[in-house]
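J.: My questions will all concern the structure given below.
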Amino acid sequence: MKFDTPATTNPIDRGRVVGVPHDRIDGPAKVTGTAPYAYERHDVAPNAAYGWIVGSAIAKGRISAIDQRVAQAAPGVLGIITHQNAGQLSKGDMNTAHLLGGPEIEHYDQAVALVIADTLENARDAAKLVQIDYAPEKGRFDLAAERARAVVPEGGFGGPADTSVGDFDGAFANAPVQIDQHYTTPDQSHAMMEPHATTAAWNGDKLTLWTSNQMVSWAVGEVAKTLNIPRDNVRIISPYIGGGFGGKLFLRADALLAALGARVVGRPVKVAIARHQIPNNTTHRPATIQRIRIGAGKDGVIDAIAHEVWSGDLPGGGSETAAQQTRLLYRGANRLTTHRLATLDLPEGNAMRAPGEAVGLLALEVAMDELAETCGVDPVELRIRNDVQYDPEAGPQRPFSSRKFVECLRQGAERFGWDKRLPTPGKLREGRWLIGMGVASAFRNNLVMASGARVGVDAQGHVIVETDMTDIGTGSYTIIGQTAAEMMGVPLDAVTVRLGDSRYPVSAGSGGQFGANSSTAGVYAACVALRAKLAEKAGYAADQATFEDGLVRLGNQSQTLGALAGREGLWAEDRIEFGDLTERYAQATFGAHFCEVGVDIDTAEVRIRRMGGAFAAGRILNPKSARSQVIGAMTMGAGAALMEELAVDTRFGFFVNHDMAEYLVPVHADIPDQDVLFLDELDDKSSPMKAKGVGELGICGAGAAVANAIYNATGIRLRDYPLTIDKLLGAAKGSALA
Amino acid sequence: MTSDHLTRRGLLQGSAAVATALPVLGEAQAAPASRPQYNKGGRMTAVELTVNGREAHLQLDPRTTLLDALREHLHLTGTKKGCDHGQCGACTVLVEGRRINSCLTLAVMHEGESVTTIEGLGAPDKLHPMQRAFIAHDGYQCGYCTPGQICSAVAVLEEIEAGVPSHVTRDLDKVAFSDAEVRERMSGNICRCAAYPNIIAAIRDVAGEEKA
Amino acid sequence: MRPFTYSRAASVEEAARAAASTPGARFIAGGTNLLDLMKLQIETPTHLIDVNHLGLDRIEKNPEGGLRVGALVRNTDLAADQTVRRDYAVLSRALLSGASGQLRNKATTAGNLLQRTRCPYFYDTRMPCNKRQPGSGCGALKGVSRSLAIIGASDACIAQNPSDMAVAMRLLDASVDTVSADGSRRSIPIADFHLLPGDTPHVEHVLKPGELITSVTLPRPLGGAHVYRKVRDRASYAFALVSVAAVFGKDGGARFAFGGIAPKPWRVDAADAAAASGPRAVADAALAGARPTAQNAFKQDLVAKTLASLFRQKEARS
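Protein chains in written order, with the numbering used here: chain D, 609 to 1346; chain A, 488 to 699; chain W, 7 to 324.
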């Protein structure tokens, strides 16, 4: 099904199942521990041996020698994989560094060996016995130092590196109000709870990987390419994924090495990347340096806006697209964005939840707060004044498909009690706490991806959906089930959803917040095809037949789905493909974040007291799971604001705090009740579901709302994330802190 | 890396580390525990546990953590390994009724003890009230920290009931249920999907039911 | 984790004897720190002596009016003990601010006293660390040192002691009771128990090979108002940037001990003496001679600010 004209009324609009806050259908499996994750496949890969990864001890250089004799002779060791015996490996299209290093080393903790043994204990111990000598080389590890050598990034970029409209320099120079500030965001780690893990088994030349991967079809291609085997020989099974946030978009070392290991030892092998290896072995969200300049009138209306971004990555890597939202969020005739990429020899930078916007808005939305303060305009009102209903680079001929940004700001402010905020910082105190409120805009592009599915009905009228879509906690199982139930006119418990297997039709996968909208649209397309088949069997005109209560109806005639499907059942497969509506219309999701913090007047400890937001993201397919996505993302935004930072040792070139005791993410005690309002919105240009993505919107701007609340509480404006106690105390002079 | 004086929590220092261990503790052989008290490195040790009410007889490498004994030997994979170093709480189980991180204890240290895992709390067709509440309140997303959260939550309500104070208890002698108490006590269970408010709501619900 | 043998001791004397006579032996109690380090091969014992079943898990009043806390009393149980809550509240508070409920259920009194540093260079066996590998250098001194010690450290090592409990013990002038391999017993004032790194940062305390902690004795209650304030980067389940244990007496006197800033629980008599002069004077006295790095210099200010907060709250109460 090609989606190239805006959707009209369709069965989803009935809203009997879709849009209802159903409990997750995978809930009972998850709360009882019976949902099998990748390292837990005793059921299908019994007798798996255990692989343990050896990570490079240097960041850059070469392996000069490997002596594995002692390790090989250790108890229980079945085999050792290094670059010397791994055979000819290619590099996946989406990997920047090689997953198995050597002799060249590209980053710290790059996998250089896999030790396979009969038990976990033996494998872990023997891994320490592999003797590797290195010839280290000087590397580049300091973004600030390399900034001057940053270049225009090449290919693989989500849009042009540079954009320019009007005359920014001239307009900025003449603007009555000017904001010109630098902001920095650190490297961050996805820190999903389930480490990257894979169980691998070969049957002849056929490889099966039970793995934890957000993008099943990509993984098939990357495994095939890396191992130089045909795609058809690779099967990926990924039904449950213990969090990804972008960290499991790509083939990683666990999967490749498990496959290599299983081939060498002739039995299934399972590999998990140890927690302390994850930050340096896998990908992370790259640090940024950002400069924002805004030229506005005294009323705060923007005439000129520029957002320049510097980030770093390994050679061949990509840029953190942090200026993305600045192209579309606010008005202004004169606009400039640039991205520059420095070469760094740190581990591979890549996508983490809302790449681009998540850190871009940490800067832009503080700059907007600064503009509001400078102009003496309420920060909510300032954003409303700068709303624009079309792509401000392209002009009115490219309107937004839907944009309820102002409504989000207004309704969110009212719900939060924004009118109680004191405009002057540092004026509200309760005991030892200075209290402040902050607001920030939420913006995330609405991406869409082609997505396929197969839908069947059996003789009992039970509906089965199969697609290689993944559920990384996003609620895919449930919303796909809801979509099929709505389309086929059956209750949700009459639908079985099977996900995460490369034998099923290729889906959008989970990333870029495109998964929910795209994959359900694919299921919608398959259901349309199945409805047509059923109607034909019934002898009804497909466009006249209705599907409800397990029946196909035409006028006062009806037949049951089960009877029509017959003993063999009836299946249909289709995929949704997207036309040029994303080009004709700017498509994005919007919202407004509000936050209230307390800051200890002496110690500068920050406690979030309340968080709330209003969001417009098209049809909300399941308000319960969508709300969870949003509050989870808000919390990740709070983490970015207050604590998350991979600390770089610029001498040795690695992330020092590479475990969960030292890389801090929010815990229960950090997070108060969170309020989420979804605005009623249907976006007929996004998909037949009239939905948009929502999984990443919640992080976009959340951290800036925290930062702005800290400013309102204390009068301290920090522009270097995370906003930790040391930085607050360092800026305490002249503030409301004691 | 041998160092004579290195010492650590949980361990008072012996003498310099050397390559081999000598058989010792003749008297200890007769100690009350009836299991083999000594084994050569790498050799198996018999361990008996009662897991979810059933006796488990295991032959384990002494290095085997309780977590790996559950997951790899008993195939009770509901207990999760998130960090393996006590930094996340995904491996939380109840031992002799108390919640602990099963990754930071050896199975052999729990000879004869009783372990309750998520599988022991309930099954899909027979859910524990806490499991039901987590579903109703969407107290999870990816599901990986969930068994640990639930085991912890069950124990937290018992700890509050027993009057065990916490960091946020204002008067150490007056321990009572509150959202703040639960948030503090649940902080050893990290949820990166951050279903935190939903988890608190689920626990609040169960606490209310128990009171009623 | 290197292979090891495992045994359960039948008595404290036997445990000490075995530990002294068995090369590579370590006692294991809660295991929450030891096993963490063994998995990384920062600790590589070849024999573990399990001391969990020696009856060391009792809390008893002693004839002098103090409290004898068994070495194996779990952190949770010590914090919840009625006498500790009433008479040694600073200890309850310190314990409850540490780790998580699960870890406190397992971690023991003696184990907590021996808890090793959280320095990230100590934790990564590929990095130089004089504590882990004497002579290899200190990776932290010119590296990422934000969380590390500002006082009492040396050029060889700036690792911090991460314990909260030990700070309260230090404030209370606890003593550490041990038995040695020869059966002799001694009581070590906690002030003398931990050692500063100097040139030998791998030597962290005064215990002899095989010497087993059997209990920690708290002197008679001090009375007064007990507070423990821990400042960290998140609200719970994190190590201290700075912590302050304090007891404010009814007579206007006070005593202070500090965590997160030194290789051992930090206490300076002059700081107690400065109580009447206010928080900044106490901080100055406590931190005389501090040598922070550029990354952790903020801790000096934070100590003063944390004290200021305690004084402010004390005034608010009175």
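Note that the Cβ used here is the ideal one computed from N, Cα and C, for glycine as well.
Predicted model, so just to flag it, every value in this text is computed and none were measured.
#1: In chain order, what residues of the same chain have a beta carbon less than 7 Å from the beta carbon of Gly1261 of chain D, not counting five sequence neighbours either side?
#2: Please confirm whether Thr603 of chain A has its beta-carbon closer than 8 Å to some beta-carbon of chain D.
#3: Is the beta carbon of Ala1180 of chain D closer than 8 Å to that of Ala1067 of chain D?
#4: Step through the CB atoms of chain D and report whether any lies within less than 8 Å of the CB of Thr566 of chain A.
#5: If I follow the unbroken alpha helix (DSSP H) through Trp826 of chain D, where does it start and stop?
#6: Would you say Ala694 of chain A reaches chain D, if we count a Cβ-Cβ gap shorter than 8 Å as a contact?
#7: Determine the direct distance from the alpha carbon of Phe776 of chain D to that of Gln885 of chain D, and round the result to whole angstroms.
#8: Buried or exposed for Lys45 of chain W, going by 16 or more other Cβ atoms inside 10 Å?
#9: Give a yes or no on contact between the region 1132 to 1139 of chain D and the region 870 to 880 of chain D, applying the rule of three or more CB pairs nearer than 8 Å.
#10: Could you confirm whether any beta carbon from chain W is found closer than 8 Å to the beta carbon of Ala1269 of chain D?
#11: Could you check whether Phe262 of chain W and Ala231 of chain W sit closer than 8 Å to each other, using their CB atoms as the reference points?
#12: Taking a cut of 8 Å between CB atoms, which residues from the region 534 to 559 of chain A lie near chain D?
#13: For Gly774 of chain D, collect the residues of the same chain with a Cβ closer than 7 Å to its Cβ; drop the 5 residues on either side in sequence, then sort them by chain order.
#14: So is His790 of chain D buried or exposed if we call it buried at 16+ other beta carbons inside 10 Å?
#15: Going by C-alpha to C-alpha distance, which of D:Met823, D:Val759, D:Leu1290 and D:Met800 sits closest to Ser1118 of chain D?
#16: If we cut at 8 Å on Cβ distances, does Gln47 of chain W have a partner in chain D?
#17: For the alpha helix (DSSP H) containing Leu109 of chain W, name the first residue and the last one.
#18: So, does the CB of Thr532 of chain A fall closer than 8 Å to a CB anywhere in chain D?
#19: Any idea if Leu1030 of chain D is buried or exposed, counting beta-carbon neighbours within 10 angstroms, 16 or more meaning buried?
#20: On a CA-only basis, which of W:Arg318, W:Lys320, W:Gln306 and W:Glu321 is nearest Ile157 of chain W? Give me that one, please.
#21: Relative to chain A, which residues along the region 1240 to 1260 of chain D have a C-beta separation below 9 Å, given in chain order?
#22: When we look at the beta-carbon of Gln1282 of chain D and count the other beta-carbons within 10 Å, is it buried (16 or more) or exposed?
#23: For chain W, find out if any of its Cβ atoms is closer than 8 Å to the Cβ of Arg732 of chain D; answer yes or no.
#24: Taking Pro1368 of chain D as the reference, which of D:Asn693, D:Thr1332 and D:Asp1210 has the closest Cα?
#25: With three or more beta-carbon pairs closer than 8 Å as the criterion, would you say the region 664 to 672 of chain A touches the region 1213 to 1233 of chain D?
#26: In chain order, what residues of the same chain lie with their CB nearer than 6 Å to the CB of Leu202 of chain W, ignoring the 5 residues before and after it?
#27: Three or more C-beta pairs under 8 Å: does that hold for the region 777 to 788 of chain D against the region 694 to 714 of chain D?
#28: If we call anything under 8 Å between Cβ atoms a contact, is Ile34 of chain W one with Arg138 of chain W?
#29: Hey, does Ala569 of chain A have any beta-carbon neighbour from chain D nearer than 8 Å?
#30: Which two residues bound the contiguous alpha helix (DSSP H) that contains Asn118 of chain W?
#31: Which residues of chain A have a Cβ atom closer than 7 Å to the Cβ of Gly635 of chain D, listed in chain order?
#32: Using a Cβ-Cβ cutoff of 7 Å, what residues of the region 834 to 857 of chain D are near chain C? List them in chain order.
#33: Indicate whether at least one CB of chain D lies closer than 8 Å to the CB of Val185 of chain W.
#34: Judging by CA-CA distance, which residue of W:Ala252, W:His200, W:Asp130 and W:Pro126 is the nearest neighbour of Ser151 of chain W?
#35: Look up Pro636 of chain D in the DSSP assignment and say whether it is helix, strand or coil.
#36: CB Gln1121 of chain D to CB Leu1055 of chain D, shorter than 8 Å?
T.: Taking the structure as given:
#1: Result list for Gly1261 of chain D: Ala667, Lys668, Tyr716, Gly747, Phe749, Asp953 and Leu954, in chain order.
#2: Residue-level contact check: Thr603 of chain A does not touch chain D, since none of the beta carbons of chain D fall below 8 Å from its beta carbon.
#3: By the CB criterion at 8 Å, Ala1067 of chain D and Ala1180 of chain D fall outside the cutoff.
#4: At a cut-off of 8 Å between C-beta atoms, Thr566 of chain A counts as an interface residue with respect to chain D.
#5: Where Trp826 of chain D is concerned, the enclosing alpha helix (DSSP H) stretches over Val824 to Leu835.
#6: By this cut-off, Ala694 of chain A is not an interface position.
#7: Approximately 45 Å between the Cα atoms of the pair.
#8: Residue environment analysis places Lys45 of chain W among the buried positions, since at least 16 neighbouring C-beta atoms fall within 10 angstroms of its C-beta.
#9: No, the region 1132 to 1139 of chain D is not in contact with the region 870 to 880 of chain D.
#10: Chain W has a Cβ within less than 8 Å of the Cβ of Ala1269 of chain D.
#11: Inclusion of Ala231 of chain W and Phe262 of chain W in the CB contact set at 8 Å is not warranted, their separation being larger than that value.
#12: Residues passing the 8 Å Cβ filter: Asp548, Arg550, Thr551, Asp555, Arg558 and Glu559.
#13: Contacts found: Ala941, Asn942 and Arg943.
#14: Result: exposed.
#15: With distances taken between CA atoms, Ser1118 of chain D lies nearest to D:Met823 out of D:Met823, D:Val759, D:Leu1290 and D:Met800.
#16: Interface flag for Gln47 of chain W against chain D is set, since a Cβ pair is found closer than 8 Å.
#17: Per DSSP, Leu109 of chain W is one residue of the alpha helix (DSSP H) stretching across Gly107 to Lys112.
#18: Using a CB distance cut-off of 8 Å, Thr532 of chain A does not count as an interface residue toward chain D.
#19: Label assigned to Leu1030 of chain D: exposed.
#20: Comparing alpha-carbon positions, the option among W:Arg318, W:Lys320, W:Gln306 and W:Glu321 lying closest to Ile157 of chain W turns out to be W:Gln306.
#21: So the close ones are Gly1240, Ala1241, Met1242, Thr1243, Met1244, Ala1246 and Gly1247.
#22: Counting Cβ neighbours within 10 Å, Gln1282 of chain D comes out buried, since at least 16 surround it.
#23: Output row for Arg732 of chain D: interface = yes.
#24: Nothing about residue 1368 of chain D can be read from this structure; chain D reaches only from 609 to 1346.
#25: No, the region 664 to 672 of chain A is not in contact with the region 1213 to 1233 of chain D.
#26: Shown here for Leu202 of chain W: same chain residues with a beta carbon closer than 6 Å to its own, the five before and five after excluded, namely Gly158 and Pro269 in chain order.
#27: The answer is no - the region 694 to 714 of chain D does not touch the region 777 to 788 of chain D, with fewer than three Cβ pairs under 8 Å.
#28: Cβ distance not < 8 Å, so Ile34 of chain W and Arg138 of chain W don't count as in contact.
#29: Here residue 569 of chain A is Gly; the residue named in the question, Ala, does not match the sequence. Yes, Gly569 of chain A counts as interfacial toward chain D.
#30: First-last of the alpha helix (DSSP H) with Asn118 of chain W: Thr115 to Leu119.
#31: What Gly635 of chain D touches in chain A: Ile622.
#32: Although the question refers to chain C, the structure presented lacks it and instead comprises the protein chains D, A and W.
#33: With its beta carbon at least 8 Å from every one in chain D, Val185 of chain W lies outside the interface.
#34: The shortest C-alpha separation from Ser151 of chain W is found at W:Pro126.
#35: Collapsing the DSSP output to three states places Pro636 of chain D in a helix.
#36: It is a contact, given that the beta carbons lie within the stated cut-off.
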